[in-house]
């Protein structure tokens with residue numbers, strides 16, 4: 056089997072899992088969007104998945120994203136940035152992806168806003184041209200010291216910061232739960248994120264529309280969908296394992 060055929064088969068299998076999980080949860084077909092985690096995979100793999108019908112791709116490294124965007128400009132996938140984002144790498148990401156999943160501080164948010172404003176030649180011009188970066192807030196529900204994300208009790212403050220800026224919009228929340236072999240171990244964390252989203256959404260804010268929950272990977276996407284995921288980030292089940300990389 057060719058590499059392209061293997062990726063196409065993996066995509067078919069994952070889409071079938073997503074559809075079955077939607078049905079099992081009593082959710083409408085198409086309510087969950089698959090983000091193919093293409094980090095550390097070559098552009099040819101992205102092109103193969105795109106040819107098989109996949110449109111959304113997730114990258115975790117800013118310069119790798121930059122290079123893949125250039126290599127795949129002709130097909131223009133929808134890019135998602137899903138990894139930790141450093142301020143000095145924002146220039147490779149802000150305004151160049153459909154969705155940033157990993158905003159976790161006011162300082163980072165301010166720099167994204169500044170970068171978009173500069174690219175749009177000021178607030179009025181940026182607004183007129185639709186230069187607004189869609190983002191998710193990454194929440195560290197489990198309080199793991201080694202994980203990025205805002206503590207749950209700091210979420211409201213960060214959402215307030217979105218409301219005060221003109222060139223960023225918060226579309227929801229994201230989580231990376233503690234690593235566990237048993238998919239059911241993630242359920243508590245997924246449910247906690249959903250509750251946080253529901254509580255935060257009860258307070259209307261400008262530039263905040265918490266419709267997305269980015270949660271669930273190759274091994275636990277069914278549990279995530281049962282708990283309300285609208286975006287699942289799947290890499291291993293599509294592309295195979297990556298050397299020296301965490302599961303997805």
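Numbering (the numbering used here), first residue to last: 56 to 303. Note that beta-carbon positions come from the ideal geometry of N, C-alpha and C, so glycine has one too.
| Check | Outcome |
| --- | --- |
| Which same chain residues end up closer than 7 Å to residue 248 when comparing Cβ atoms and leaving out the 5 residues on each side of it in sequence? | 194, 196, 228, 230, 268, 270 |
| Helix, strand or coil for residue 286? Go by DSSP, reduced to three states. | strand |
| Contact check, residue 145 vs residue 124 under 8 Å by CB: the rounded distance? | About 15 Å separates the two Cβ atoms, so there is no contact after all. |
| Tell me whether residue 135 sits in a helix, a strand or coil according to DSSP, three-state version. | strand |
| In or out: residue 184 buried (at least 16 other Cβ within 10 Å) or exposed? | In this prediction, residue 184 scores a pLDDT of 44, lower than 50, which makes its location untrustworthy; no coordinate-derived value is stated. |
| Quick check: the Cα distance between residue 113 and residue 59, rounded to an integer number of angstroms? | 18 Å |
| Just list the residues that DSSP pairs residue 205 with in beta bridges. | 194 |
| Measuring CB to CB, does residue 138 end up less than 9 Å from residue 188? | no |
| Do residue 262 and residue 213 count as a contact pair if the criterion is CB distance below 9 Å? | no |
| Evaluate residue 108 with the Cβ neighbour count: other Cβ atoms within 10 Å of its Cβ, from every protein chain shown; 16 or more gives buried, anything less gives exposed. | exposed |
| Between the segment 275 to 288 and the segment 70 to 81, do at least 3 Cβ pairs fall closer than 8 Å? | yes |
| Is the distance from the Cβ of residue 292 to the Cβ of residue 273 below 9 Å? | yes |
| Which residue from 121, 56, 97, 154 puts its Cα closest to that of residue 288? | 154 |
| For residue 88, which residues from the same chain have a beta carbon less than 8 Å from its beta carbon, with the 5 sequence-adjacent residues on both sides left out? | 111, 285, 286, 287 |
| May I ask you to report which of helix, strand or coil DSSP gives residue 91? | strand |
| Tell me, to the nearest whole angstrom, how far the beta carbon of residue 216 is from that of residue 164; I am working on the premise that it is less than 8 Å. | 6 Å |
| With respect to the alpha helix (DSSP H) encompassing residue 222, which residues constitute its N-terminal and C-terminal limits? | First-last for residue 222: undefined, no H or E at that position. |
| In chain order, what residues of the same chain have a beta carbon less than 8 Å from the beta carbon of residue 118, not counting five sequence neighbours either side? | 144, 147 |
| Quick check on residue 63: buried or exposed, where buried means 16 or more other Cβ atoms within 10 Å of its Cβ? | buried |
| Let me know if residue 233 comes out buried or exposed under the rule of 16 or more other beta-carbons within 10 Å of its beta-carbon. | exposed |
| Buried or exposed for residue 97, going by 16 or more other Cβ atoms inside 10 Å? | exposed |
| Give me the Cα-Cα distance between residue 168 and residue 156, rounded to the nearest whole angstrom. | 15 Å |
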